[in-house]
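Using my numbering, the first residue of the sequence shown is number 114, and each one after it goes up by one. Input: a single structure, listed below in structure tokens.
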Amino acid sequence: GVLDEAIENKANLIIAHHPLLFSPLKQITKQKNPLLYQVTTGQINLIAMHTNYDLAENGLNDYAANLLGIKKISPLQGSSEKVFKFAVYVPVKHADKVSQAIFEAGAGKIGKYTETSFNIEGKGTFKPTEGTNPFIGKIGEREEVQEIKIETVVTERYLDSVVQAMKSVHPYEEPAYDVYELKTKPSYGISIFGEIDKEVEISKFSLEVKNRLQAHYIRLIKSNKRKIKRVALCTGSGGSLLEQVSRKDADLYITGDITYHTALRAKELGLNVLDVEHF
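Written out as structure tokens, the structure reads:
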């Protein structure tokens, strides 16, 4: 197996899709859990990218869709990660430095574009009070400064890092900034929806899928006589998404690990499902 190959080649890192543990263990032994034993004793390193790779933009769903000729792709079940608008007010001379810091911390990513922002120049006012140490101005006097408002977007996972990065390079003692949640959803998700170029009979397309994915077997739950054009796809086990797929009016749903009762539910929904193993 993979462990034997790693040992034979004196590798100290294994990169895998599925993690070693799905359920808690009370005991780890060299005989029953050889790879896990080597990982926990520091003899070999393991990086597992499971649902994060399923969810990622240009991840497994996009890879499989490309193999199958599925185009005009959009997320079927989008990521639940929140997206925020982040705006900060900066003296003109410091704008580039602050922009660079927040971009490096993870702000400004929209689809395949990075370092996106909108900048507006205006006049900022403030009056320092007793106990402050202003970068500009005098205590008790209102100050006017030419500033730039830098607006960008940031996902929840990077928000704290972006705020800290901004504060670390901003010249003001108390930077003025805004954070508010958007209704915008990321352009990636745990499953996708798209179209193939031309309508095709379901039996013909199913065989094409089997060949292109090099699946050992496929199982077709045929619930109607539609030709195939609109296709939903979820690599791995996607049985829990049947309801969402049916609401999209897909001609075919391609996924894996379909159970007996899930197949019955697909029939009830009138949804064609192609089980292609756990791809």
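Where a beta carbon is used, it is the ideal one built from N, C-alpha and C, also for glycine.
Residue range of the beta strand (DSSP E) that residue i falls in?
i                 : result
phenylalanine 216 : Per DSSP, phenylalanine 216 belongs to no beta strand (DSSP E); it is in the alpha helix (DSSP H), 208–217.
glutamine 151     : Counting along the chain, glutamine 151 falls outside any beta strand (DSSP E), though it belongs to the alpha helix (DSSP H) covering 147–153.
leucine 126       : 126–129
valine 203        : 196–204
arginine 339      : Arginine 339 -> no beta strand (DSSP E), and no H or E assigned at all.
arginine 332      : 332–334
threonine 238     : 231–239
alanine 161       : 158–161
leucine 387       : 386–388
Report the residue from the options whose alpha carbon sits nearest the alpha carbon of residue i.
i                 : options                        : result
tyrosine 109      : Ile261, Ile303, Asp388, Glu314 : Nothing about residue 109 can be reported from this structure: the residues present for the chain run from 114 to 392 only.
valine 358        : Asp370, Gly369, Ala379, Val205 : Ala379
proline 241       : Phe231, Arg255, Glu234         : Arg255
proline 288       : His374, Met279, Ala169         : Met279
threonine 348     : Gly221, Ala169, Glu356         : Ala169
asparagine 385    : Pro284, Ser319, Asn232, Asn337 : Asn337
isoleucine 127    : Val115, Ser136, Leu138, Pro137 : Val115
valine 292        : Phe199, Thr368, Asp167, Asn174 : Phe199
phenylalanine 318 : Leu148, Ile141, Leu180, His374 : Leu180
aspartate 167     : His374, Ile303, Thr245, Pro147 : Ile303
tyrosine 373      : Gln327, Arg332, Pro137         : Arg332
tyrosine 226      : Phe239, Val267, Gln327         : Val267
Do residue i and residue j have their C-beta atoms within less than 9 Å of each other?
i              : j                 : result
isoleucine 305 : proline 132       : no
proline 284    : valine 203        : yes
glutamate 269  : serine 230        : no
glutamate 314  : valine 196        : no
glycine 224    : valine 258        : no
alanine 65     : isoleucine 334    : With the chain running from 114 to 392 in the structure shown, residue 65 is simply not present.
glycine 286    : threonine 245     : The sequence given here places glutamate at residue 286; glycine does not occur at that position. The answer is yes: Cβ separation under 9 Å.
leucine 173    : phenylalanine 392 : yes
Less than 8 Å between the CB atoms is what I'm expecting for residue i and residue j, so what's the real figure, rounded?
i              : j              : result
valine 282     : valine 211     : 6 Å
alanine 178    : leucine 346    : 6 Å
asparagine 158 : asparagine 125 : 6 Å
serine 350     : aspartate 370  : 4 Å
asparagine 232 : alanine 208    : 7 Å
leucine 387    : leucine 365    : 6 Å
lysine 139     : tyrosine 150   : With a Cβ gap of about 14 Å, lysine 139 and tyrosine 150 do not count as contacting.
valine 205     : glutamate 228  : 19 Å between Cβ atoms; not a contact.
Need the endpoints of the alpha helix (DSSP H) that residue i sits in, please.
i              : result
aspartate 167  : 164–168
arginine 325   : 315–326
serine 274     : 269–282
glutamate 356  : 355–360
isoleucine 120 : 115–121
threonine 368  : That residue, threonine 368, is in no alpha helix (DSSP H); its beta strand (DSSP E) goes 365–369.
threonine 142  : It is not in any alpha helix (DSSP H) - threonine 142 carries neither H nor E in the DSSP assignment.
tyrosine 290   : That residue, tyrosine 290, is in no alpha helix (DSSP H); its beta strand (DSSP E) goes 290–295.
asparagine 174 : 173–181
alanine 376    : 373–382
Check whether chain E comes within 9 Å of residue i, counting only Cβ atoms and requiring the distance to be less than that.
i              : result
asparagine 171 : No chain E appears in this structure, which consists of one protein chain only.
Handout entry: contact_flag[the region 307–315, the region 339–353] where n(CB pairs < 8 Å) is 3 or more
Key = yes
Handout entry: Segment contact flag, the region 232–252 with the region 314–334, C-beta cutoff 8 Å, min 3 pairs
Key = Output reads no: the region 314–334 does not touch the region 232–252.
Handout entry: the region 122–141 / the region 154–162 touching (three or more Cβ pairs under 8 Å)
Key = yes
Handout entry: Touching by the beta-carbon criterion (3+ pairs, under 8 Å), the region 264–274 and the region 204–221
Key = yes
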